[in-house]
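*Asks:* Mapping of the sequence shown onto the working numbering: residues 1297 to 1755, in sequence order.
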Amino acid sequence: MKLNHDQQRFLEEWMDFLKIPSISADPAHTADVQEAAQWVKNALLQAGCPMVEIIPTEGHPIVYGAYLVDPDLPTVLVYGHYDVQPPDPLELWDSPPFEPIVKTTALHPDGAVFARGACDDKGQMFMHIKAFEMMRSQGPLSCNVKFMIEGEEEVGSDNLEDFVKANKEKLKCDIILISDTGMIAKDQPSITTGLRGLSYMEVCVTGPNRDLHSGLYGGAVQNPINVLCEMIAQLKDENKKITIPGFYDKVVELSEKERAEMGKAPFDLEGFKSSIGIKEVLGEKGYNTEEHRSIRPTLDVNGIWGGYTGEGAKTVIPSKAYAKISMRLVPNQDWNEISELFTQYFKSLAPVGVEVEIVTHHGGYAYVTPTDTIGYQAAQEAYLETFGTAPVPKRGGGSIPIVPMFEKELGVKSILMGFGLDSDAIHSPNEHYGLFNFFKGIETIPKFYEHYVRLCKEE
Ligand code: BES
Ligand code: MN
Ligand code: MN
């Protein structure tokens, strides 16, 4: 790919942004998160957004920008996040996570930028700033644009929730536009029509009041790690159904017609397996892989620790064992209720000789975007124009808890125009984002505005 002058500059700016380690989860990086907020503010001002402010919260700041032409014209609110996930495990990165570098891969012969946040969500969010800059350079826009870029998405958006509730007038808009999801393939665009909810728990099993010599005590007392494993094993049955009583009660089942419609989206199971190095998939009985990762709720252990994990061997029975367990939820499941059901059930699984403590970290609701709206239609036409292929609707498996919140508090739907790929390795070592995807995004976004404004007029 031959980059023109502007594209070269966009790439350099994006890489500059990626050098800031804005890890929201790590208090040691608070100053970096603030620097990233400042960077976003400057980028918006430079792009031609006349009013930009940094709004402090009890956690990390929100960057808010407004370009208001006429209250009678439609208003688009762009949401994104400038915070990133921790880069660990560092030793698995081929190049340092905050020293962005362009490399080519089989999938990205034109190159991809490798860095934490390259895709999620610095790269995707930055596309909106550059698309806005391009549109502004051609004269005034025929709609109002607001930007709300937060620094706490990766830790649950708790403070953003309060901000949204308290600033409904300021955030008033007709549609919310977000690029923080993916698409099927470079030659098969898709629009994300759903997100899963989430309930994130942490459990601690305590046995004896101190670590014990496993020879002197082994066999006579409960080992908290063994117990924790036995308890976790009981959370799913042989059909991979979650055993928590009431867990599926409110789950919305899709009709056969809806499932058949879903099944039309192209999916390469062999490619899926080989891309993650597994020989076989196995999920909840009665559903296929694409359904497992979108319309069905799940439960996964995200981390488990306790006892001796250092070099060599140590013969010990630990006093405590821990696990982080999260559940992805689907429409109508209430994450507070699910957290409660989990807590009751998990405690009921505790055998004699141990104590169990459980905390709820955070959660969020699932979300569905209807496809019969002008917002969806505008996105569809935009992709069709720039990719030459009609995008297909696709329910996603990830979560962006603020999206259902926007709907509840502002009464506004979000259009999820993602340009990422599953292979981008978001949250993993060697996260990257293709130059093709980045520039295609910058090309497609202005088309969305064009079609959206036209369709609003026609309505
Ligand atoms: N951008 C992701 C969510 C995503 C990615 C949705 C790809 C669909 C496709 C977002 O930054 C994220 O990682 N969300 C978290 C939830 C949050 C509460 C930590 C997630 O899904 O684990
Ligand atoms: Mn994200
Ligand atoms: Mn993320």
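Ideal Cβ placement from N, Cα and C applies to all residues, glycine included. Please read these numbers as outputs of a predicted model, since none were measured by experiment.
On a Cα-Cα basis, can you pick out the residue from Q1673, K1643, P1382, C1752 that is closest to E1449?
*Replies:* If we check each option's Cα against that of E1449, P1382 comes out closest.
*Asks:* Check whether the Cβ of E1446 sits closer than 7 Å to any heavy atom of ligand 2, and report yes or no.
*Replies:* No, ligand 2 has no heavy atom inside 7 Å of this Cβ.
*Asks:* Provide the residue span of the beta strand (DSSP E) that contains Y1604, from first to last.
*Replies:* Segment: none, Y1604 is in no beta strand (DSSP E) and carries neither H nor E.
*Asks:* Are the stretch 1526-1539 and the stretch 1641-1658 touching, with three or more C-beta to C-beta distances below 8 Å?
*Replies:* The stretch 1526-1539 vs the stretch 1641-1658: in contact.
*Asks:* Any heavy atom of ligand 3 within a distance shorter than 7 Å of the CB on Q1420?
*Replies:* Not so, every heavy atom of ligand 3 lies at least 7 Å from the Cβ.
*Asks:* Output the distance between the C-alpha atoms of A1481 and L1731, rounded to the nearest integer angstrom.
*Replies:* Straight-line Cα distance between these residues: approximately 14 Å.
*Asks:* Under the criterion of a Cβ to heavy atom distance below 7 Å, does H1588 qualify as lining ligand 1?
*Replies:* Not so, every heavy atom of ligand 1 lies at least 7 Å from the Cβ.
*Asks:* Out of curiosity, what's the CA-to-CA distance linking E1653 and V1359?
*Replies:* Cα-Cα distance, rounded: 38 Å.
*Asks:* For D1384, is the beta carbon positioned less than 7 Å from some heavy atom of ligand 3?
*Replies:* No, since every heavy atom of ligand 3 falls outside the 7 Å radius drawn around the Cβ of D1384.
*Asks:* What residue range is occupied by the uninterrupted alpha helix (DSSP H) comprising P1700?
*Replies:* P1700 -> alpha helix (DSSP H) spans 1698-1706.
*Asks:* Less than 8 Å between the CB atoms is what I'm expecting for P1614 and I1521, so what's the real figure, rounded?
*Replies:* With 8 Å as the limit, P1614 and I1521 qualify as a contact, their Cβ atoms being about 6 Å apart.
*Asks:* For V1374, which residues from the same chain have a beta carbon less than 6 Å from its beta carbon, with the 5 sequence-adjacent residues on both sides left out?
*Replies:* For V1374, where only same-chain residues beyond five positions count, the Cβ hits under 6 Å are H1424, F1443, L1473.
*Asks:* Which word fits Y1679, buried or exposed, when buried means at least 16 other C-beta atoms lie within 10 angstroms of its C-beta?
*Replies:* Buried, by the Cβ-count rule.
*Asks:* Are the CB atoms of M1497 and S1486 within a distance shorter than 8 Å?
*Replies:* Their beta carbons are not under 8 Å apart, which means S1486 does not touch M1497 by this criterion.
*Asks:* Let's test the definition: count the other Cβ atoms within 10 Å of the Cβ of M1347 and tell me whether it reaches 16, buried, or not, exposed.
*Replies:* Classification for M1347: exposed.
*Asks:* For ligand 2, is there any heavy atom lying closer than 7 Å to the beta carbon of E1354?
*Replies:* No, Cβ of E1354 sits at least 7 Å from all heavy atoms of ligand 2.
*Asks:* Can you tell me which of M1701, V1708, G1714 puts its alpha carbon nearest to the alpha carbon of V1688?
*Replies:* The residue with the shortest Cα to Cα distance from V1688 is G1714.
*Asks:* Evaluate contact between the stretch 1496-1512 and the stretch 1655-1670, counting only Cβ atoms and requiring at least three cross-stretch pairs below 8 Å.
*Replies:* Judged by Cβ distances under 8 Å, the stretch 1496-1512 makes contact with the stretch 1655-1670, as three or more pairs qualify.
*Asks:* Quick one, which of P1541, A1408, M1527 has its alpha-carbon nearest A1617's?
*Replies:* Closest option to A1617, Cα to Cα, is M1527.
*Asks:* From the DSSP secondary-structure annotation, give me the bridge partner or partners of R1691.
*Replies:* Answer by DSSP bridge pairing, in chain order: G1490.
*Asks:* Could you say if the stretch 1541-1555 and the stretch 1625-1634 meet the contact criterion of at least three C-beta pairs nearer than 8 Å?
*Replies:* Yes: the two stretches touch, three or more of their Cβ pairs being nearer than 8 Å.
*Asks:* Is the closest heavy atom of ligand 2 to the C-beta of E1429 under 7 Å?
*Replies:* Every heavy atom of ligand 2 is 7 Å or more from the Cβ of E1429, so no.
*Asks:* For P1352 and S1320, what's the separation of their Cα atoms in angstroms?
*Replies:* Rounded to whole angstroms, P1352 to S1320 spans 14 Å at the Cα level.
*Asks:* By the DSSP assignment, the beta strand (DSSP E) with M1423 in it spans what residues?
*Replies:* It is not in any beta strand (DSSP E) - M1423 instead sits in the alpha helix (DSSP H) that spans 1418-1433.
*Asks:* When you measure from the CB of H1377 to every non-hydrogen atom of ligand 2, does any distance come out below 7 Å?
*Replies:* At least one heavy atom of ligand 2 is nearer than 7 Å to the Cβ of H1377, so yes.
*Asks:* If you reduce the DSSP assignment to three classes, tell me which class H1509 lands in.
*Replies:* H1509 falls in the strand class under three-state DSSP.
*Asks:* So, for T1682: in the same chain, excluding its five sequence neighbours on each side, which residues have a beta-carbon less than 7 Å away from its beta-carbon?
*Replies:* If we look at T1682 and ignore the five residues flanking it on each side, its Cβ neighbours are K1736, E1739, T1740, K1743.
*Asks:* Do the CB positions of T1585 and L1565 come within less than 8 Å of each other?
*Replies:* In this structure, L1565 lies closer than 8 Å to T1585 by Cβ.
*Asks:* Is it a yes or a no for the stretch 1399-1411 touching the stretch 1717-1728, going by three-plus beta-carbon pairs under 8 Å?
*Replies:* Short answer: they touch.
*Asks:* Assign G1447 to one of two classes, buried (16 or more other C-beta atoms within 10 Å of its C-beta) or exposed (fewer than that).
*Replies:* Answer is buried; the Cβ neighbour count reaches 16.
*Asks:* If we count Cβ pairs, one from each stretch, closer than 8 Å, do we get three or more for the stretch 1545-1554 versus the stretch 1618-1631?
*Replies:* Enough Cβ pairs lie closer than 8 Å, so yes.
*Asks:* For a quick check, are the C-beta atoms of H1747 and A1414 less than 8 Å apart?
*Replies:* Cβ distance not < 8 Å, so H1747 and A1414 don't count as in contact.
*Asks:* What is the rounded straight-line gap between the Cα of W1310 and the Cα of Q1303?
*Replies:* Rounded to the nearest angstrom, the two C-alpha atoms are 10 Å apart.
*Asks:* Below 8 Å on the Cβ atoms is my guess for Q1673 versus L1751; work out the distance and round it to an integer in Å.
*Replies:* The Cβ separation is near 6 Å, so the contact holds.
*Asks:* Which residue from M1558, F1638, E1554, N1726 puts its Cα closest to that of P1392?
*Replies:* P1392 has its Cα closest to that of N1726, out of M1558, F1638, E1554, N1726.
*Asks:* What's the gap between the Cα of C1525 and the Cα of Y1661?
*Replies:* Those two C-alpha atoms are separated by around 28 Å.
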